[in-house]
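Dropping the structure here:
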């Protein structure tokens, strides 16, 4: 959607632009981190009204999503304050002025510079000659490296996805403004850099990086489909985490060990270990045959309440025993 919005802005196709912006807003509440800078650029370079519409509307929607929709679902507007370093926003501001060296060390710690390198190297920094379009991504990049959440500053996760079209289109924009002879040289450099980075970091055939993928013909996947078919559609289930998405079309589905042991459940992301009050509601449990020690220990405490209703070489489906 962001790539479409940028293209539409360049071509002054404002109907397409509005649709792309609205669709982008439907993806996630923090999309304003890219849409507000986009709106500012559009207002500056292309169309004042459209730019203001983008910035104001995306800010309004983010506020509604955070303080309205998320509060309605979670009970709190924002659960990720722990991702802000130095004890929160006030602590970060205080550190910036009282100990700037500590702030600088934080930004160069834990592979954050390498993350930035992986973002910009595929386009060989080609956008720097005219960086105004690529600068639309600066706020998202800053947010990712400012966060202490490991996933945000590693390119293999979705937090970086929205940055890619901005940097690529920003590079194309910058190269288009160079003199023809110089442009050819920079395009060749960008192409070489792109291919080199693809070999180093992209999960492509023949590349250095390998990503495990269990396709539909994988024996474990086939066995999982059979096992899950044994569970009634309206049953309350606790299941091994890779299976939960495939059991989601029901009112209640939990990631094992929840509710037998709290883990990543509730308002406090760090609360763990306690038994939740609705354990007796669980009717089925689906676990792998090969469990790690933590899973095995948790299951040992409650397994007497369940009996095996189906098993194959990969998965076991347990059903709660009928009392009495």
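Residue numbers (the working numbering): 1075 to 1398.
Cβ atoms here follow ideal geometry from the backbone N, Cα and C, with glycine treated the same way.
In the three-state reduction of the DSSP assignment, residue 1157 falls in the helix class. Residue 1351 sits in coil when the DSSP states are folded into three classes, being neither helix nor strand. Residue 1158 places its beta carbon 8 Å or farther from that of residue 1132. An exposed status is given to residue 1183, since fewer than 16 other beta-carbon atoms sit within 10 Å of its beta-carbon. Rounded to whole angstroms, the gap between the alpha carbons of residue 1078 and residue 1297 is 40 Å. The beta-carbon distance between residue 1328 and residue 1312, rounded to whole angstroms, is 4 Å. This is short enough to meet the 8 Å contact definition. A distance below 7 Å between beta-carbons, with the five flanking residues on each side excluded, links residue 1285 to the following residues of its chain, in chain order: 1277.
When DSSP states are grouped into helix, strand and coil, residue 1223 belongs to the coil group.
DSSP places residue 1382 in the uninterrupted beta strand (DSSP E) bounded by 1380-1385. In terms of Cβ geometry, residue 1245 and residue 1200 form a close pair [threshold 8 Å]. In the three-state DSSP reduction, residue 1075 falls in the coil class, being neither helix nor strand.
Taking C-alpha positions only, residue 1218 is separated from residue 1384 by approximately 44 Å. Between the region 1173-1187 and the region 1116-1125, the count of C-beta pairs closer than 8 Å stays below three; the two stretches do not touch.
Secondary structure note for residue 1167: its alpha helix (DSSP H) is the uninterrupted segment 1163-1172. Residues 1210, 1211 of the same chain have their beta carbon placed closer than 6 Å to that of residue 1240, with the five preceding and five following residues left out of the count.
Comparing alpha-carbon positions, the option among 1144, 1370, 1197, 1236 lying closest to residue 1263 turns out to be 1197. The three-state secondary structure of residue 1286, taken from DSSP, is coil. Taking a cut-off of 8 Å on C-beta distances, the region 1336-1345 does not touch the region 1355-1365, as fewer than three cross pairs fall below it. Across the structure, residue 1112 and residue 1364 are spaced so that their CA atoms are roughly 49 Å apart. Contact between residue 1075 and residue 1098 holds, since their C-beta atoms are separated by about 4 Å, short of 8 Å.
For residue 1239, the enclosing alpha helix (DSSP H) starts and ends at 1237-1250. A Cβ-Cβ separation of about 13 Å leaves residue 1375 out of contact with residue 1330 under the 8 Å criterion.
By the neighbour-count definition (other C-beta atoms within 10 Å, threshold 16), residue 1373 is a buried residue.
Our two residues, residue 1309 and residue 1397, have alpha carbons roughly 17 Å apart in a direct line. Around residue 1195, the same chain offers 1267, 1271 as residues with beta carbons nearer than 7 Å, after the five sequence neighbours per side are excluded.
Following the DSSP letters along the chain, one finds residue 1192 inside the alpha helix (DSSP H) bounded by residues 1186-1194. Residue pairing by DSSP places residue 1141 opposite no residue, since no beta bridge is assigned to it. Residue 1313: member of the beta strand (DSSP E) spanning 1311-1313, first to last residue.
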